[in-house]
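Q: In our numbering, the protein residues as written are 493 to 612.
C-beta: ideal position from N, C-alpha, C; glycine also.
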Amino acid sequence: MWTKMMSGPRKKAPKTIAVIDPDRCFGAFACSICQAACPVASCIVEEPDRDGRMVCAVRADLCIGCGLCVTLGNPTAPQQREFGCPPDYDAINMVPFEDVVKVLQSSDTAATPAEKTATA
493 MWTKMMSGPR KKAPKTIAVI DPDRCFGAFA CSICQAACPV ASCIVEEPDR
543 DGRMVCAVRA DLCIGCGLCV TLGNPTAPQQ REFGCPPDYD AINMVPFEDV
593 VKVLQSSDTA ATPAEKTATA
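This is how it looks when you write it as structure tokens:
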């Protein structure tokens, strides 16, 4: 298992952050590759989606925007690598941080931050 590199508050807001589509995520029990790839402790967590299924979600307050969890081959990834969300899941994208903040502040009806962002 990888060592988590960061556990304190980030120094500044990132330009983009990872957002997981709960409808495409197979959940931590079936996959958890994104959790293993993330260098920030407790940034990617498990929480129930609107159907009660446990899926992964990115904590917008902790994500540093490194893109290590993003789907392999995804054009939103900041760099190419050999580890990340499997392409057939295609559940993770990098989204502008300001867009995510706006959605989270304006919507209190979705069950998770990922669902709020996915509906924007």
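Quick one: give me the first and last residue of the beta strand (DSSP E) that Ala617 is part of.
A: This structure leaves residue 617 out entirely; the chain is present only between 493 and 612.
Q: With a Cβ-Cβ cutoff of 8 Å, do Cys535 and Val550 count as a contact?
A: In the sequence shown, the residue the question calls residue 535 occupies position 43. In the sequence shown, the residue the question calls residue 550 occupies position 58. In this structure, Val550 lies closer than 8 Å to Cys535 by Cβ.
Q: Quick check on this structure: which residue in Thr568, Met546, Ser598, Ile584 has the alpha carbon closest to the alpha carbon of Cys526?
A: Within the sequence shown, residue 526 is the residue found at index 34, counting from 1. If we check each option's Cα against that of Cys526, Ile584 comes out closest.
Q: For a quick check, are the C-beta atoms of Val587 and Ile509 less than 8 Å apart?
A: In the sequence shown, residue 587 corresponds to position 95, counting from 1. In the sequence shown, residue 509 corresponds to position 17, counting from 1. Yes; because the gap between Cβ atoms is below 8 Å, this pair is in contact.
Q: What residues in its chain sit with their C-beta under 6 Å from that of Asp553, if we drop five residues either side in the sequence?
A: What you label residue 553 is simply residue 61 of the sequence shown in a count that begins at 1. So the list is empty, once near-sequence residues are dropped.
Q: Are there 16 or more other CB atoms within 10 angstroms of the CB of Gly576, so buried, or fewer, so exposed?
A: As a working note, residue 576 is residue 84 in the sequence shown. Gly576 comes out buried.
Q: Just the Cα atoms here: how many angstroms apart are Thr495 and Ala528?
A: By one-based count along the sequence shown, residue 495 stands at place 3. By one-based count along the sequence shown, residue 528 stands at place 36. Residue placement at Thr495 is flagged as unreliable, the pLDDT there being 48, under the threshold of 50; the coordinate-derived value follows with that caveat. If you take the alpha carbons of Thr495 and Ala528, they lie about 9 Å apart.
Q: Using a Cβ-Cβ cut-off of 7 Å (strictly less than) and excluding sequence neighbours within five positions of Val592, which residues of its own chain qualify?
A: Sequence index remark: in the sequence shown, residue 592 carries index 100 (1-based). Around Val592: Ile509, Val511, Ala552, Thr609.
Q: Contact check, Pro567 vs Gly559 under 8 Å by CB: the rounded distance?
A: Numbered from 1 along the sequence shown, position 75 holds the residue referred to as residue 567. Numbered from 1 along the sequence shown, position 67 holds the residue referred to as residue 559. No, Pro567 and Gly559 are not in contact; Cβ-Cβ is about 11 Å, not under 8 Å.
Q: Going by DSSP, which residues form a beta bridge with Glu539?
A: Start at 1 with the first residue of the sequence shown, and residue 539 comes out as number 47. Note: Glu539 sits in a beta bridge opposite Val547.
Q: Using a Cβ-Cβ cut-off of 7 Å (strictly less than) and excluding sequence neighbours within five positions of Ala505, which residues of its own chain qualify?
A: If you number the sequence shown from 1, residue 505 lands on position 13. If we look at Ala505 and ignore the five residues flanking it on each side, its Cβ neighbours are Phe589.
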